[in-house]
Amino acid sequence: MNPSDIVSPENLVYRKPELMNDNHMHYCPGCSHGVVHKVIAEVIKELGLQEKCIGVAPVGCAVFAYKYLDIDWQEAAHGRAPALATAIKRLLPDRMVFTYQGDGDLAAIGTAETIHAANRGENIAIIFINNAIYGMTGGQMAPTTLSKMVTSTSPDGRDVQTMGGPLKILDMLALLDGVCLATRVSVHTAAAVKKTRRMVKLAFENAMAGKGTSIVEVVSTCNAGWKMTPAAANDWMVENMFPVYPIGDLKNI
Amino acid sequence: MGKVKGYVVVNTDRCKGCNLCVVSCPTDTLDLQPREVNDRGYHYAYMKSPDDCIGCANCGFVCPEGCITVYRKKRV
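What follows is the structure, encoded as structure tokens:
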């Protein structure tokens, strides 16, 4: 069979989502952000929400998310995405509002905004990319950094006695009554990507149904910050991140 | 010989040569170009052994750049 026999629209199995445009992404090769962008684009298309959804971009590597997905975006001050999303959702209640935040944004400077938005049960979806490091600024230690993990600001490894342990913010958020979905997923294999797609879809449906705050934590890699190849970073994540941040639902009502 | 035949089209301008598609491929079909690079200087992915492709689309799902399009057809 020649390639020309196979390459035709009726045989299409997978392609780049329509909502993702052709701009070159600034992410490092192998970065998990690109996969999560694709997942969000696919889910929005599947739910037919492209005219009705508003994303709130964070400060961090994903600050340029608005350049890559052709939906409405708003840029928030560092960590304040849930507060901005609260305002958008309250003023335009028929829109699907989601935030896209990294761990430096959501779990460090934006801890208060995140916890209070979830406590109020705002009808928004939060996509939380946890790579245990500040990727954009050069691999500094984040609250989510694992114990003994070497970063540029903890060159001898994170010492739990003086620097605290990894902040499991999803476990904290799952305790709040306003939260309807708190789940942890990953994007390192095709099966994991499909699971992530199901959970992001559920989160967006919850936001439209007014069930409360949905948080989807994507345990992901920062191969540049971790100083590894993308494939080695995935293996390192499975070995070291998953015991601390176990995959699965913490709350799903 | 399997019952289905797949084919992968790589957008070579967009590919950053991260190698994740190569690792995810169950039939060892894909590889990075050993010598050629694209405009941005990345060794882009290509089909090393096109006959082995089963069109499972694992490479497409894990590709962070969305530069992989997968086709699949039943053998006649």
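First to last, the protein sequences are chains E and B.
Letter by letter, the first sequence follows residues 1 to 253 in the numbering used here.
Letter by letter, the second sequence follows residues 1001 to 1076 in the numbering used here.
We treat Cβ as the ideally placed atom computed from N, Cα and C, and that holds for glycine.
For the beta strand (DSSP E) assignment, the uninterrupted runs of no fewer than 3 residues enclosed by the segment 1042-1069 of chain B are, from N- to C-terminal side, 1045-1047. Residues of chain E with a Cβ closer than 8 Å to the Cβ of serine 1049/B do not exist, since the nearest Cβ in that chain sits about 13 Å away. In the three-state reduction of the DSSP assignment, isoleucine 71/E falls in the coil class. Nearest neighbour of alanine 117/E by Cα position, chosen from Ala81/E, Gly135/E, Val36/E, turns out to be Ala81/E. Shown here, glycine 248/E sits in a strand according to DSSP, grouped into three states. Residues of chain E with a Cβ closer than 7 Å to the Cβ of cysteine 1018/B are, in chain order, Pro29, Gly30, Pro230. Listed in chain order, the non-local C-beta contacts of asparagine 1011/B below 6 Å within the same chain comprise Cys1067, local neighbours out to five positions each way being set aside.
Here glycine 225/E carries a helix assignment [DSSP, helix/strand/coil]. Here serine 32/E has Val187, Ser220, Thr221 as same chain residues with Cβ atoms under 6 Å from its own Cβ, once five neighbours each way along the sequence are excluded. Flagged as an interface residue toward chain E: proline 1064/B, by a C-beta distance shorter than 8 Å. Residue environment analysis places alanine 1057/B among the buried positions, since at least 16 neighbouring C-beta atoms fall within 10 angstroms of its C-beta. In the DSSP assignment, cysteine 53/E is bridged to Met96/E. If you check the CB distance, cysteine 1063/B and leucine 1030/B do not come in under 8 Å. Leucine 19/E and glycine 104/E have their C-alpha atoms spaced approximately 27 Å apart. By DSSP's assignment, tyrosine 134/E forms a beta bridge with Gln140/E. With respect to aspartate 249/E, threonine 183/E sits close: the two C-beta atoms are nearer than 8 Å. Comparing alpha-carbon positions, the option among Glu51/E, Arg158/E, Gly178/E, His37/E lying closest to isoleucine 127/E turns out to be His37/E. When CB distances to chain B are screened at a threshold of 8 Å, the residues of the segment 7-19 of chain E falling below it are Val7, Ser8, Asn11, Leu12, Val13, Tyr14, Arg15, Lys16, Pro17, in chain order. Considering only Arg1075/B, Val1076/B, Val1070/B, the residue with the shortest C-alpha distance to serine 8/E is Val1070/B.
Closest in C-alpha terms to glycine 225/E, from the list Val160/E, Val150/E, Ala209/E, Met199/E, comes Val150/E. Non-local C-beta neighbours of isoleucine 88/E in its own chain, meaning closer than 8 Å and more than five positions away in sequence, comprise Ile54, Val56, Gln74, Arg95, Val97, ordered along the chain.
When secondary structure is reduced to three states using DSSP, threonine 111/E falls in the helix class.
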